[in-house]
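Enquirer: Below you will find the structure I want to go over with you.
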Amino acid sequence: MRILVVGGGTGGTILANNLARRLSAETDSGKVRLTMLSASDRHMYQPGLLYVAFGQMSPDQLYRDQASLLEPAIEFHVDPVEQFQLDQNRVKTASGKIHEYDMLVIATGSRMVPNETPGLTEGAEFFYTEESAMKMFRRLREFQGGKVAIVVGLPHKCPIAPVEVTFSLHDYFKSRGIRDKVQIKYYYPINRIHSIENVAKWATPEFKRIGVEYETLFNMREVDVENKIVKSEEGSEAHYDLLIAIPEHRGMEVIERDKLGEDGWIPTDRQKLSMVGHDNVFVLGDTTNLPVSKTGSAAHFEAEVLAENMASIVKIGTPVRDYDGKVYCFIEAGHDRATYAMFNYFNPPDLKPPSKPMHWFKVAYNQMYWTSVRGLL
Amino acid sequence: MSESKIVDACNTYCPGPLMELITHMKRAKVGDVLELLSTDKGSANDVPEWVTKAGHDMLGSEKVGEVWHIKVRKAR
Ligand SMILES: Cc1cc2nc3c(=O)[nH]c(=O)nc-3n(C[C@H](O)[C@H](O)[C@H](O)COP(=O)(O)OP(=O)(O)OC[C@H]3O[C@@H](n4cnc5c(N)ncnc54)[C@H](O)[C@@H]3O)c2cc1C
């Protein structure tokens, strides 16, 4: 039995390690072969980028050597897939190699596509890649005051990031002693300030308390870089001196190119996590089209369910569990307080008041992540 | 008359039905009809508010069992 995992990020790594442990007898005896293909020899802890953008973490702290995170039974190659040939149960990689499989897992993640919004790349600062987070930090350091606008594209990974970056901006300018020279305004696509109703209910008075203005039903159409204006689909305008954007996201190009899913989002069964129409192909994390938030947390819980199911398919010929849509998200409410949201397909998140211990738990999790992707937590 | 495309946002809290609809509307062509399925009672008000503000057409909204079926046409 050949199991191929494409993507060595949060979802792919947790799945492969969990599976390797469950199937150790089978890999030792050669009955099962477990292979991972990824695009990088390094693994990035992406949530750390938000700290990089505020000078609280340096980029090198975000990385580990991917091979060091994997169980020895996993054969690992840095050789990205360039073609998915699902009808022949095989993939072709950048080096020209063909990998055949009996079961395939696709966990290639998502990427921001700021170029989809005219003017956004030139006009805005981002924190969704190492390079952009460093650039944003330099820009923040230089900023002496004026209008800061936070704008949000759809869809995007980490839905809590717009709120977190807003609290962080407030704390950052306050710590520099220039908060009174900065007007912060937050623009959001739907009719409340966060997709999760309870988060919106909690954050609205918090914004008021710290003097953050907001406008809802604002979907970016284009940025007039010269005049520093963002124009919305709804006909309104955001004026800025400093523009912070959470750009629209897509899945990876290869997913779109090979027509696995529109915009790179692969049609995925909500409970089984199989690719619709392909019983031996499974999908994890950001690249699914599931109506759950694109978070490491969702990728983690999906990976645990899928590892158990794939191991059961090998051992007893059938999956044993359904994914219930579980997500658990930390929410940083500034630089010293945090809360969290936990929910699934059927239970909405209930929000506790932010506290200092929760913030320290998140700081600890930033390190515990490495234990978590090894599948130990 | 184009066939409607289903956007199934039942039992989802994040990103939620309206965000799913906006995402799909952006990629649709002018004249396309989208039918949003939602179990969120808020959708019956939230969705028309955005559709009107963004200048699209509301074609109808009805509750079948526990599910709201909201039909929208991309107008611009
Ligand atoms: C600024 C920021 C803050 C965030 N904060 C949080 C947070 O607080 N909480 C939370 O839960 N999540 C957070 N996230 C989101 C989280 O990081 C992602 O949702 C998560 O990493 C998704 O996991 P994944 O396995 O789907 O994809 P990824 O972890 O992105 O991994 C994708 C993998 O696929 C590989 N790959 C790509 N193309 C190919 C190819 N063609 N062939 C082979 N391999 C390929 C890549 O090299 C990579 O290893 C944040 C993200 C960002 C950017």
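Chains as they are written, first to last, in our numbering: chain E, 714 to 1090; chain Y, 45 to 120.
Glycine residues also receive a C-beta, built at the ideal position from the N, C-alpha and C atoms.
Because the structure is a prediction, the values reported are computed rather than measured.
Between the alpha carbons of Gly761 of chain E and Met770 of chain E, how many angstroms are there, rounded?
Expert: Indexing the first sequence from 1 puts residue 761 of chain E at position 48. Indexing the first sequence from 1 puts residue 770 of chain E at position 57. Using only the alpha carbons, I get a separation of about 7 Å.
Enquirer: Going by CA-CA distance only, name the one from E:Thr830, E:Leu930 and E:Ala1054 that's closest to Ala1011 of chain E.
Expert: The count along the first sequence starts at 1 and reaches residue 1011 of chain E at position 298. Minimum Cα distance to Ala1011 of chain E is reached at E:Ala1054.
Enquirer: By Cβ distance below 6 Å, which residues in the same chain neighbour Ala752 of chain E in space, the five residues on each side in sequence not counted?
Expert: Numbered from its first residue, the first sequence carries residue 752 of chain E at position 39. Contacts found: Pro793.
Enquirer: Do Leu930 of chain E and Asn911 of chain E have their beta-carbon atoms positioned less than 8 Å apart in this structure?
Expert: Mapped onto the first sequence, residue 911 of chain E falls at position 198. Mapped onto the first sequence, residue 930 of chain E falls at position 217. No, these two residues do not count as a Cβ contact at 8 Å.
Enquirer: Along the chain, where does the alpha helix (DSSP H) containing His1072 of chain E start, and where does it finish?
Expert: As a working mapping, residue 1072 of chain E is identified with position 359 in the first sequence. Taken as a continuous stretch (DSSP letters only), the alpha helix (DSSP H) holding His1072 of chain E covers Lys1069 to Val1086.
Enquirer: Distance check for Glu739 of chain E and Glu928 of chain E, CA to CA, integer angstroms please.
Expert: The residue given as residue 928 of chain E occupies position 215 in the first sequence. The residue given as residue 739 of chain E occupies position 26 in the first sequence. Each residue's alpha carbon lies about 56 Å from the other.
Enquirer: Please indicate yes or no: does the CB of Ala752 of chain E lie closer than 7 Å to some heavy atom of ligand 1?
Expert: Within the first sequence, numbered from 1, the residue matching residue 752 of chain E stands at position 39. Result yes, Cβ under 7 Å from ligand 1.
Enquirer: Alpha carbon to alpha carbon, how far is Met45 of chain Y from Phe850 of chain E?
Expert: Taking the second sequence and counting its residues from 1, the one referred to as residue 45 of chain Y is at position 1. Taking the first sequence and counting its residues from 1, the one referred to as residue 850 of chain E is at position 137. With a pLDDT of only 46 at Met45 of chain Y, under 50, the local geometry of the prediction cannot be trusted, and no value is derived from it.
Enquirer: Please tell me whether Asp76 of chain Y has its Cβ less than 8 Å away from any Cβ of chain E.
Expert: For the purposes of this step, residue 76 of chain Y is identified with residue 32 of the second sequence, where counting begins at 1. It does not; no Cβ of chain E falls within 8 Å.
Enquirer: Select from E:Pro1062, E:Ile957 and E:Trp978 the residue whose C-alpha is nearest the C-alpha of Glu966 of chain E.
Expert: For the purposes of this step, residue 966 of chain E is identified with residue 253 of the first sequence, where counting begins at 1. Nearest option by C-alpha distance: E:Trp978.
Enquirer: Short of 6 Å in beta carbon distance, which residues of its chain neighbour Asn828 of chain E, apart from the five on each side in sequence? Order them along the chain.
Expert: Numbered from its first residue, the first sequence carries residue 828 of chain E at position 115. Counting only Cβ-Cβ distances below 6 Å, and skipping sequence neighbours, we find Thr834.
Enquirer: Could you pull out every residue in the same chain whose Cβ sits closer than 6 Å to the Cβ of Gly1154 of chain E, ignoring the five residues on either side in sequence?
Expert: This structure cannot speak to residue 1154 of chain E, because chain E is shown only from 714 to 1090.
Enquirer: Could you work out which residues of chain Y lie near Pro772 of chain E, taking near to mean beta carbons separated by less than 8 Å?
Expert: On the first sequence, position 59 is the one that residue 772 of chain E refers to. Within chain Y, no residue comes near Pro772 of chain E; the closest Cβ sits about 28 Å away, beyond 8 Å.
Enquirer: Indicate the three-state DSSP secondary structure (helix, strand or coil) for Ile727 of chain E in the structure shown.
Expert: Your numbering for residue 727 of chain E matches position 14 in the first sequence. In this structure, Ile727 of chain E counts as helix in the three-state DSSP scheme.
Enquirer: Arg934 of chain E by DSSP, collapsed to three states: which one?
Expert: The sequence position of residue 934 of chain E within the first sequence is 221, counting from 1. In the structure shown, Arg934 of chain E sits in a strand (DSSP, three-state: E or B).
Enquirer: Between the beta-carbon of Ser1025 of chain E and the beta-carbon of Arg1050 of chain E, is there less than 8 Å?
Expert: Mapped onto the first sequence, residue 1025 of chain E falls at position 312. Mapped onto the first sequence, residue 1050 of chain E falls at position 337. For Ser1025 of chain E and Arg1050 of chain E, no; Cβs fall outside 8 Å.
Enquirer: Under 8 Å, Cβ to Cβ, is there at least one residue of chain E near Glu47 of chain Y?
Expert: Sequence index remark: in the second sequence, residue 47 of chain Y carries index 3 (1-based). Not one chain E Cβ lies under 8 Å of Glu47 of chain Y.
Enquirer: So, with DSSP's three-state summary, where would you put Ser808 of chain E?
Expert: Against the first sequence, residue 808 of chain E aligns to sequence position 95. Assignment of Ser808 of chain E by DSSP, reduced to helix, strand and coil, places it in the coil class.
Enquirer: Over the uninterrupted alpha helix (DSSP H) stretch that includes Asn911 of chain E, give me the two end residues.
Expert: The residue labelled residue 911 of chain E in the question sits at position 198 within the first sequence. Run containing Asn911 of chain E: Glu910 to Arg922, per the alpha helix (DSSP H) assignment.
Enquirer: Go ahead and pull the three-state DSSP assignment for Lys115 of chain Y.
Expert: The sequence position of residue 115 of chain Y within the second sequence is 71, counting from 1. Looking at Lys115 of chain Y - three-state DSSP - the assignment turns out to be strand.
Enquirer: Residues of chain Y with CB under 8 Å from Glu919 of chain E, in chain order?
Expert: Position 206 of the first sequence, counted from the start, is the residue given in the question as residue 919 of chain E. Those within 8 Å of Glu919 of chain E in chain Y number zero; the least Cβ separation is about 18 Å.
Enquirer: Kindly indicate if chain Y contains any beta-carbon less than 8 Å away from that of Val1093 of chain E.
Expert: Outside the displayed span of chain E (714 to 1090) sits residue 1093 of chain E, for which this structure offers no information.
Enquirer: What residues are listed by DSSP as bridge partners for Ala958 of chain E?
Expert: Locating residue 958 of chain E in the first sequence gives position 245, counting from the first residue. In DSSP, Ala958 of chain E forms a bridge with E:Val864.
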